[in-house]
Amino acid sequence: MKYDVAVIGSGPGGYVAAIRCAQLGFKTAIIEKYNTLGGTCLNVGCIPSKALLDSSEHYHNAAHTFTQHGIDIKGLKVNLDQMIKRKNEVVDQTCSGIDFLMKKNKIDVFTGMGSFVDKNTVKITKNDGSTEEIKTDKTIIATGSKPILLPFIEFDKKRVITSTEALNLKEVPKHMVVIGGGVIGLELGSVYARMGTKITVIEFLDGLIPTMDKTLGKELQKSLKKLGFEFHFQTKVTSVKVKGKTVSVEAENKKGEKLEFSPDYCLVSIGRKAYTDGLGLENVGIKTDDRGRVEVDEHLKTNVDGIYAIGDVVKGAMLAHKAEEEGTFVAEHLAGQKPHINYNLIPGVVYTWPEVAGVGFTEEQLKEKGIKYKAGSFPMKALGRARASMDTEGLIKVLADAETDEILGVHMIGARAADMIAEAVVAMEYRASAEDISRMSHAHPTYTEAIKEACLAATENRPIHM
Ligand code: FAD
Ligand code: NAI
């Protein structure tokens, strides 16, 4: 069989690339080694983690805030089996949605491991060991990423786990040590902390979610501390060993003091790395960088003509929506269009509660670049909407150019920040000034009023409700 485009990997990068290619009239194939489509995001990433975050948040509210709302419940308890079952149903529905989209767009799906034979031939090795080959004019590599593991960690997938296992536990842990205070550690740590697990975070650097604006990490730390999280910053894990039903975790802090923990589970969440195993990159001479990522140019083309790469397997943020944009970009580029991605305006979101979101430059980046800026903040607790819902934690910070007033960064922590950040993205794509946004009507009472107020604070330091 001969295709115009073959896509290897069916995550948000791959399946979106395939759909856009088919929409543009290319005869398209997609190759996925797992039995379900959707990649990390749909199967063991974004979707299942959010399903468990929502369920655990409901439980936590029922246990801690319902009484104040005037709702009394007796005999409240967690049914983890049901929680995981519902999560699996959400995943199944979402993955079958991708099957439907492949059929609708007449994309041929091949199940098996894809590897390059040559520039125009991809071999597919199925689970039973049988193989078949397809011919293709162009290929898009969208093989994603996998968790980074420390070499000295005894990783048994039962007690010492990654996010994949943490999404399928059979019991609520009593104590979980989380190595890495990044997105996965804090989201999945929150899931279990809300159900009563003691969470101890060991983080190498001096704060949480270190790639985001520092204000957000500090605020999030306060909220998670209330949830029972314990933090050890500037601390290095030195040994992780399974001892029956417990794990022995040893670490050393910056003063050189030794720390020892005996949790029943240890989650390793220290980042992810590009996944290219078995892809046969060497058969076509595709170059990778020092972190194993496929090297691409500004058109996401590898060093081999006709072969492109997108998503987690290339440089940049490891985010589903970044992978999707790149999938669309390559398809349109192949069709002779002139697509564009503004990498500075890809929002980052952490789905803890309160939620955390940011877009554009952080305050630290502006200082480092020597760009003169004005900052305006507004606390959620000053919002009527936040008091009505009892979600008063957090703030919104707007950074604007000192001379032109153009918004350069928006950073928020609070209820529904994950959805609200879209307003900042739209404003910044259209290069709005802080004054532009502060003069637009924001429905009352909503959390978005905090964006308007933070813009008022940034542009002329004149918030209304402060
Ligand atoms: P992937 O989704 O990793 O898909 C790659 C696919 O390629 C996989 O299905 C793999 O089996 C397949 N594959 C690999 N090699 C081959 C081969 N040789 N042949 C055939 N198939 C192959 N991002 C967000 O934006 N928001 C979130 O809320 C979010 N939550 C996350 C939660 C967790 C727990 C994790 C782990 C990640 C989360 N992410 C989130 C990150 C997000 O999942 C990734 O950025 C995204 O999935 C990357 O998409 P991709 O298409 O590049 O790769
Ligand atoms: P991460 O990069 O977000 O965080 C890893 C953390 O571990 C960092 O704070 C880092 O300083 C720390 N660290 C690294 N080595 C360490 C060590 N040896 N000891 C202690 N701490 C160490 O990585 P994470 O949480 O594993 O997630 C991987 C990626 O998946 C994220 O970067 C993100 O791109 C994606 N993701 C996105 C989500 C979202 O968008 N909401 C949710 C979950 C994952």
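Using this note's numbering, read the sequence shown as starting at 1 and increasing by one per residue.
Each residue gets a CB set at the ideal place from its N, CA and C atoms; glycine is no exception.
**Message:** For Leu220 and Glu57, what's the separation of their Cα atoms in angstroms?
**Reply:** If I take the Cα positions, the gap works out to 16 Å.
**Prompt:** What did DSSP end up calling Gly348 once you bin it into helix, strand or coil?
**Reply:** strand
**Request:** Verify the contact flag: Thr143, CB atom, against every heavy atom of the ligand FAD, threshold strictly below 8 Å.
**Result:** yes
**Message:** I need the DSSP call for Ile396, collapsed to helix, strand or coil.
**Reply:** strand
**Prompt:** Buried or exposed: where does Ala100 fall if 16 or more other Cβ atoms within 10 Å of its Cβ makes it buried?
**Reply:** The question names Ala, but residue 100 is Phe in the sequence shown. With fewer than 16 other Cβ atoms within 10 Å, it is exposed.
**Asked** Does the distance from the CB of Leu267 to the CB of Gly189 come in under 9 Å?
**Response** yes
**Within 9 Å, strictly: CB atoms of Val398 and Gly384** = no
**Asked** Ile407 bridges to which residues according to DSSP?
**Response** Ala400
**Message:** Output needed for Thr111: all residues of its chain with C-beta closer than 7 Å, excluding positions within five of it in sequence on either side, in chain order.
**Reply:** Glu32, Asn35, Lys126
**Request:** Using the Cα positions of Ile134 and Arg272, report the straight-line distance between them to the nearest angstrom.
**Result:** 30 Å
**Prompt:** Are the CB atoms of His321 and Pro12 nearer to each other than 9 Å?
**Reply:** With a cutoff of 9 Å on beta-carbon distance, His321 and Pro12 are scored as near each other.
**Message:** For Ile341, which residues in the same chain have their Cβ closer than 6 Å to its Cβ, ignoring the five residues on either side in sequence?
**Reply:** Glu325, Phe329
**Prompt:** Beta carbon of Pro210, beta carbon of Gly256: below 9 Å?
**Reply:** no
**Request:** Could you say which of Gln337, Ser269, Ala422 lies nearest to Phe204 if we only look at CA atoms?
**Result:** The residue with the shortest Cα to Cα distance from Phe204 is Ser269.
**Presumed contact (8 Å Cβ cut-off) between Ala22 and Val7, rounded CB distance** = In fact, because the Cβ distance is near 10 Å, the residues do not count as touching under 8 Å.
**Item:** Beta-ladder partner(s) of Thr125, from DSSP
**Value:** Met113, Thr131
**Prompt:** When you compare only the Cα positions, how much space is there between Arg159 and Thr238?
**Reply:** 17 Å
**Prompt:** Which runs of the beta strand (DSSP E) spanning at least 3 residues fall entirely within the segment 125-208, listed in chain order?
**Reply:** 131-141, 145-147, 175-179, 198-202
**Request:** Name the two residues that bound the continuous alpha helix (DSSP H) containing Val426.
**Result:** 417-429
**Delimiting residues of the alpha helix (DSSP H) encompassing Gly217** = 214-226
**Message:** Just to confirm, is the Cβ distance from Glu406 to Ala432 under 9 Å?
**Reply:** yes
**Prompt:** What did DSSP end up calling Ser389 once you bin it into helix, strand or coil?
**Reply:** In the structure shown, Ser389 sits in a helix (DSSP, three-state: H, G or I).
**Message:** Check whether the segment 412-423 and the segment 440-451 are in contact - that is, three or more C-beta pairs closer than 8 Å.
**Reply:** yes
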